[in-house]
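What follows is one structure encoded as structure tokens, with my remarks underneath.
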Amino acid sequence: MIGLTTSEVHFVQTNLRHDVLAKADHIGDGKDIGPMLDLILRTIILNARIDILYVGLRLGESARWRSVIPVALNDFQGQWRIIAHDLEADGFPIKSFVLPRILDAHASIEKTPRNLHLQTGDVAVRRYAIKLNPRMTADQKTAIGRELGINRNNEIMLSDDAVFDFRKTWMESELGSDLTFVWPLVVELNRVG
201 MIGLTTSEVH FVQTNLRHDV LAKADHIGDG KDIGPMLDLI LRTIILNARI
251 DILYVGLRLG ESARWRSVIP VALNDFQGQW RIIAHDLEAD GFPIKSFVLP
301 RILDAHASIE KTPRNLHLQT GDVAVRRYAI KLNPRMTADQ KTAIGRELGI
351 NRNNEIMLSD DAVFDFRKTW MESELGSDLT FVWPLVVELN RVG
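By the count of the working numbering, the sequence shown reaches residue 393 at its end, each step adding exactly one.
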């Protein structure tokens, strides 16, 4: 796969126009994803429809073809995703699709729905009330509060596409029977408003 670094990457590597530069920390060396990435980047630029063979992580899920219109490519915690309108869902909502879980892709011959209003790919950021583990010391709460960006009202801001990963990382991870440290660090997370 194309290796993008923090430096600007030009047309030779991306096949994008010379005035379109890609900036990223890293795109991994996924197998057989290069041609799909080229197609996905082109559809983002052109606001074009694409069909992807995608497999999610719901229990027992198999890959299935989905029609989407990608509007952005996003790096979230080292995991590349396309942000796209899901043309098979009511109202064509914006969803994120993890790039390596796209097993195949091709340009769609179907027309774009007339009632679709393309969005920018920006993901809403919302306020959440947060409660840290009461077994933490005051110093630990201060340190984790800084790390997570907790404000004086015990709230944090999270984008809609970060909530699942936040819960997985800070709340639901199992650490086995090691009782030498406090876990989970966050015991409650509730959307405000």
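All residues carry an ideal CB built from backbone N, CA and C; glycine is no exception. Values in this document were obtained by computation on a predicted structure and should not be read as measured data.
Hey, how far is the Cα of residue i from the Cα of residue j?
i	j	result
residue 351	residue 254	38 Å
residue 246	residue 271	9 Å
residue 264	residue 277	26 Å
residue 329	residue 363	12 Å
residue 240	residue 308	12 Å
residue 346	residue 338	12 Å
residue 341	residue 289	41 Å
residue 390	residue 256	25 Å
residue 262	residue 348	35 Å
residue 385	residue 301	30 Å
residue 355	residue 344	13 Å
residue 238	residue 310	20 Å
If the criterion is Cβ atoms closer than 7 Å, does the pair residue i and residue j meet it?
i	j	result
residue 357	residue 327	yes
residue 299	residue 280	yes
residue 359	residue 325	yes
residue 335	residue 382	yes
residue 316	residue 292	yes
Could you give the DSSP three-state label for residue i: helix, strand or coil?
i	result
residue 263	coil
residue 270	strand
residue 336	coil
residue 364	helix
residue 248	coil
residue 347	helix
residue 311	coil
residue 275	strand
residue 386	strand
residue 240	helix
residue 301	helix
Please identify the residue among the options whose C-alpha is closest to the C-alpha of residue i.
i	options	result
residue 236	248, 303 and 283	303
residue 353	332, 367 and 337	332
residue 305	251, 386, 335 and 381	251
residue 320	290, 385, 310 and 274	274
residue 286	312, 262 and 301	312
Which whole-angstrom value is the C-beta distance of residue i and residue j, which I expect to be below 8 Å?
i	j	result
residue 249	residue 267	6 Å
residue 282	residue 294	That pair is no contact at about 11 Å.
residue 361	residue 323	5 Å
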